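J.: To start, I am sharing the structure in question, which I have written as structure tokens.
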Amino acid sequence: MPDELLRPTIGAGVDMSVRPWRLMSQAYVAFFGGVIASTVIAFLNSGRLGVDAGKRRLILLTGLVGLVAVVVLFAVLGGDALQVSSRVVAVLCFMVQLRLQQPMDRAFQLRGSDYGRLWRMGIPVTIGGAVVEFLILLLVTVIK
46 MPDELLRPTI
56 GAGVDMSVRP
66 WRLMSQAYVA
76 FFGGVIASTV
86 IAFLNSGRLG
96 VDAGKRRLIL
106 LTGLVGLVAV
116 VVLFAVLGGD
126 ALQVSSRVVA
136 VLCFMVQLRL
146 QQPMDRAFQL
156 RGSDYGRLWR
166 MGIPVTIGGA
176 VVEFLILLLV
186 TVIK
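The numbering of the sequence shown is this note's numbering, which starts it at 46 and goes up by one.
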């Protein structure tokens with residue numbers, strides 16, 4: 046049985062040269078960019094934080110479930126309530142993804158390092174995610 050005193054410290058196994066983004070900044074990406082953009086940013090950030098592979102897969106699974114929910118809501122409601130419903134789904138997915146990243150984010154805060162800026166990656170991913178989500182919904186309309 047290994048001794049608890051010899052267990053690795055908080056920073057072990059994490060690349061300290063790449064700074065993660067603030068978790069709450071990802072809410073803007075979810076709201077404006079949708080489920081796809083939110084999932085991409087959460088997945089990238091979880092890698093920067095050193096989140097284990099199982100939780101990173103859950104982040105992707107949450108995004109996939111959210112995207113399916115947006116498509117189903119679009120098929121059921123049509124375009125009437127799509128903007129509101131897709132944003133609600135994206136923010137709900139973000140909240141689950143936030144919970145999966147939180148323990149390692151707290152560990153990052155304990156290291157006393159500064160966060161990186163999300164602007165450079167966040168804006169293109171937000172726009173790209175919104176466009177891809179629109180194209181998927183357009184494809185659903187054509188198939189219908």
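Beta carbons are placed, not taken as given, at the ideal position from N, Cα and C, and that holds for glycine.
Keep in mind it's a predicted model, so treat the numbers as computed, not measured.
What is the residue span of the alpha helix (DSSP H) that residue 160 lies within?
T.: Locating residue 160 in the sequence shown gives position 115, where the first residue counts as 1. Per DSSP, residue 160 belongs to no alpha helix (DSSP H) and is neither H nor E.
J.: On the three-state DSSP scale, how would you describe residue 189?
T.: To locate residue 189, count along the sequence shown from 1; it is residue 144. Residue 189: coil per DSSP, three-state reduction.
J.: Could you tell me whether the stretch 118-126 touches the stretch 157-177, where touching means 3 or more Cβ pairs closer than 8 Å?
T.: Contact between the stretch 118-126 and the stretch 157-177 is absent, because fewer than three Cβ pairs lie under 8 Å.
J.: Mark residue 150 as exposed unless 16 or more other C-beta atoms lie within 10 angstroms of its C-beta, in which case mark it buried.
T.: As a working note, residue 150 is residue 105 in the sequence shown. So residue 150 ends up on the buried side.
J.: What do you reckon, are the CB atoms on residue 90 and residue 146 nearer than 8 Å?
T.: Counting from 1 along the sequence shown, the entry for residue 90 is found at position 45. Counting from 1 along the sequence shown, the entry for residue 146 is found at position 101. Their beta carbons are under 8 Å apart, which means residue 90 touches residue 146 by this criterion.
J.: Is the beta carbon of residue 71 less than 8 Å from the beta carbon of residue 107?
T.: As a working note, residue 71 is residue 26 in the sequence shown. As a working note, residue 107 is residue 62 in the sequence shown. Not in contact: residue 71 and residue 107 (Cβ atoms no closer than 8 Å).
J.: Residues in its own chain within less than 8 Å of residue 131 by CB, not counting five upstream and five downstream?
T.: For this step, residue 131 is matched to residue 86 along the sequence shown. Hits under 8 Å: 79, 80, 115, 118, 119 and 178.
J.: Using three-state DSSP, classify residue 68 as helix, strand or coil.
T.: Locating residue 68 in the sequence shown gives position 23, where the first residue counts as 1. Coil, per DSSP.
J.: Please report the distance separating the alpha-carbon of residue 129 from that of residue 112.
T.: By 1-based counting over the sequence shown, the position of residue 129 is 84. By 1-based counting over the sequence shown, the position of residue 112 is 67. So the alpha carbons of these two residues sit roughly 14 Å apart.
J.: Between which two residues does the alpha helix (DSSP H) containing residue 120 stretch?
T.: To locate residue 120, count along the sequence shown from 1; it is residue 75. Unbroken alpha helix (DSSP H) run through residue 120: 98-122.
J.: Is residue 63 helix, strand or coil by DSSP?
T.: As a first step, residue 63 is located in the sequence shown; it is residue number 18 there, counting from the start. Three-state result, residue 63: coil.
J.: What residue does the alpha helix (DSSP H) around residue 150 start on, and which one ends it?
T.: Along the sequence shown, read from residue 1 onward, the residue named residue 150 stands at position 105. Per DSSP, residue 150 belongs to the alpha helix (DSSP H) from 127-156.
J.: State buried or exposed for residue 98, treating a residue as buried only when at least 16 other CB atoms are found within 10 Å of its CB.
T.: Within the sequence shown, numbered from 1, the residue matching residue 98 stands at position 53. The residue is exposed, with fewer than 16 neighbouring Cβ atoms inside 10 Å.
J.: Could you check which residue in 152, 103, 157 and 94 has the C-alpha nearest to that of residue 63?
T.: By one-based count along the sequence shown, residue 63 stands at place 18. Closest by alpha carbon: 94.
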